[in-house]
Each structure stands twice: as C-alpha cells, then as structure tokens.
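Structure first, commentary second.
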Amino acid sequence: MNQSEFTTRDDHRLNFGLSVNSVGVKTIQAEVDQSRASQVSDHRYHFKKGRVADEFKLIYITKGLGYVCFEGGAETRIERGNILMILPNQKYQYYHESNQVWKEYFIRFEADALYHQLIKTLFINEYQVVEAGFNEELLRLFQRSIDVVRNGLKSSQVYLSGILLHILGLVIAETRNNVQERREKQLIEQAKILMNENVFTGVSPQEIASRLNISYTTFRKNFKKYAEVAPARYQNELRMEKARELLTETTLSVKEIAYMLHYSSSNQFSTMFKKFTGQSPQQVRHRAPLHE
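Following this line, the structure appears as structure tokens:
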C-alpha cells in the first residue's frame, strides 16, 4: 500500500466556515496471488472495525471496486467515480476487492455550526455515496489540495477552504442530479403501474401525466428516457399482451376483445394486433390449446 497524507500546519481557524486538517491519496496494488486475493475478498471487513473521527472525511475513488457499510445500514457497493462523505463520529467500515488496484483521494476537514448542519443534512443515509463519475475537474481539485499543502503555500487554509467549497459544490450538485433522476424514475414506474391497472379503461397517456401532476411534454420525454419507448407505444404493447391472453385463454370473440380494450372497431384491433405480433387474432386463437 502506498499512502501519502499531508497535514496542514497553517492557522486552523475556520475560513469560509471550513478548516482542512489533512489531504492525501492512497493506492493499493492488486493482489498478485489470486488464490489469496479470493480468500481476502471473501472475508468481509478484514480491517479494524468501527473507525471514528471527530471530523468530516471526503473520499473520491478513482480506481477499484469495494464495499462500504455505515453503522446501522446495509453494505453498499462502491467503485471508481464514487464519492464517500464520512460524517464526524460516524462508525463506518469499507474494504476493496484485493484483485484490483484501489486508488482514493481524500480530504479531512472540520466545519462551523452552519456548514456542519448543512453537510449532515445533505449527506444522509443513501446520499453518503454519490455517483460523481470520473470527473477531471474533481480530480484536479483533490490533486491541487495536495500540492497546496505539500508545497507549503502561504495562507494555505484560505486556499484549501476555497478548493473544498468548490469540491462540495460539485458533489452537492451531483447529489441533487441523482435525487432528481430517482424521482423521475419513480414517476415513470408509477405511470407503468397505472397503465397496467387501467389496460381496460382506455385511459390516455395525457390522463396518466395529469394524474401524476406533470406536463405531458415532460412525462413523454422522461418516459422515453427510462422506458425506451413512447408512452402510447408502451400502452399498445400492454393491450396486445392482454389481447393475446384473452384470445388464448377465453372464448371471447375478437369483437368483444376489441371493445374491452377500447378499440373503435374489430378491424382496427386486428390491424394493430397483426402489426405488433405478426399474426392475426384468428391465427393466434386457432393455435391456442383451448381451441385445438
């Protein structure tokens, strides 16, 4: 393992509400003996348990794969591109898969009462692991913080506090993006459930959007983004699946099925059914065991 940690010697009074205690980078090479690597990987938490420090620790992973567990929480996968925020006096455990190179940058810091509460509010529970991706700007900021301390620049605390504020701003912005994405995905899942539950009611995509309190333009854009099809096509696919079930599992006529699924006529239904399945309703029905 190769770890370089640089402790600040400048005035530790809070600057911009923050004070950096140390910065560093840690690299752990992959285990050469693969049989030993697999043994170590299988042994969960093969390090000191329950690390606690009276400071924040911000970790940026740039290489490797591992797992982290915060006190009272479940084990979470962490990998290249993830940011970890460790809160003061919080017990946590993490390890990496030893058959891969592991590299992380980190900053240990303290904050005044206002920033302390703000950071704790923003980085709680699942939000303590942020998917920042491989962000060159973030990497350069961590590297620059190491240079500032290593080179002993004057007024380094002021400089470091500015760098830390920049890093926190980028991470918080990414956190909010992740939260927004989760909300959008949840809305689309709700929409799918509504469409499934209303396959016989003839509810339109516009009505679904209205029920979810979003504009149809936004709804359609997000639906295509996460479901990879337009909402109208998704509804048609649901109706075709239901039509196939009714054709193969009941004795309902094609006309009755068309009416149940809110098609204007049996001809319209038959045309749409063949377009989606490549077969006519009559062909599907005749091949069903119930009608053989």
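Numbering (the working numbering), first residue to last: 139 to 430.
Every residue, glycine too, gets a C-beta built ideally from N, C-alpha and C.
All figures in this text were calculated on a predicted structure; none of them were measured in a lab.
Query: V337, DSSP secondary structure in three states; Result: coil
Query: Residue burial classification, Q255 (beta-carbon count within 10 angstroms, cutoff 16); Result: exposed
Query: C-beta contact flag for N431 and A168 at 7 Å; Result: What the structure shows of the chain is the stretch from 139 to 430, and residue 431 is not part of that stretch, so it cannot be assessed.
Query: Own chain residues within Cβ distance below 7 Å of R377, not counting five before or after; Result: V337 and L399
Query: Per-residue DSSP class, three states only, for M223; Result: strand
Query: Presumed contact (8 Å Cβ cut-off) between I284 and V161, rounded CB distance; Result: 5 Å
Query: Alpha-carbon to alpha-carbon, P343 and P104; Result: No statement about residue 104 is possible, as the shown extent of the chain runs from 139 to 430 and does not include it.
Query: Of the listed residues G271, K292 and Q295, nearest to L431 (C-alpha basis); Result: The chain is shown from 139 up to 430; residue 431 falls before or after that span and cannot be answered.
Query: Heavy atom of the ligand FAD within 6 Å of L303 beta-carbon; Result: Only the bare structure without any ligand can be found here, which leaves the ligand FAD out of the picture.
Query: Residues of its chain near S404, where Cβ-Cβ distance is below 6 Å and the 5 sequence neighbours each way are ignored; Result: V392, K393 and A396
Query: Nearest residue (CA-CA) to N98, options N374, V286 and E319; Result: Any answer about residue 98 is impossible in this case: the structure gives the chain only from 139 up to 430.
Query: The beta strand (DSSP E) enclosing T200, as first and last residue numbers; Result: F194 to K201
Query: G210 in three-state terms, based on DSSP; Result: coil
Query: Three-state secondary structure (DSSP) of R182; Result: Because the pLDDT at R182 is just 43, under 50, the model does not fix this residue reliably, and the point stays unresolved.
Query: Classification of L291 by the beta-carbon crowding that lies within 10 angstroms, buried from 16 upward; Result: exposed
Query: Straight-line Cα distance separating Y253 from V158; Result: 13 Å
Query: Option nearest L306 by Cα separation, candidates L279, T145, E143 and F361; Result: L279
Query: Paired residues, beta bridge with H400 - DSSP; Result: The partner list for H400 (beta bridge, DSSP) is empty, contrary to what the question assumes.
Query: Anticipated Cβ contact below 8 Å, Q407 with S418, distance rounded; Result: First, the residue type needs correcting, since residue 407 is Phe and not Gln in the sequence shown. At roughly 10 Å, the Cβ-Cβ gap does not stay under 8 Å, so F407 and S418 are not in contact.
Query: Cβ neighbour criterion (16 or more within 10 Å) applied to E143; Result: exposed
Query: Same chain, Cβ closer than 6 Å to Q421, neighbours up to 5 away in sequence not counted; Result: none
Query: Close-in-space but distant-in-sequence residues of the same chain around T313 (CB under 8 Å, 5 per side omitted); Result: L260, F261, Y265 and V268
Query: Delimiting residues of the alpha helix (DSSP H) encompassing T146; Result: Here T146 belongs to no alpha helix (DSSP H), and DSSP marks it neither H nor E.
Query: Continuous alpha helix (DSSP H) stretch holding K432: start and end; Result: Residue coverage of the chain in this structure runs from 139 to 430, which leaves residue 432 outside it and unanswerable.
Query: Inter-residue Cα distance where the pair is E213 and A365; Result: 29 Å
Query: When Q141, N140 and T146 are compared against V296, the one with the closest alpha-carbon; Result: T146
Query: Spatial distance of K413 from L350 (CA atoms); Result: 30 Å
Query: Rounded separation between S402 and T409 - CA only; Result: 12 Å
Query: Contacting residues, own chain, Cβ-Cβ under 7 Å from F247 (five flanking each side not counted); Result: L156, S157, V158, N159, E193, F194 and L302
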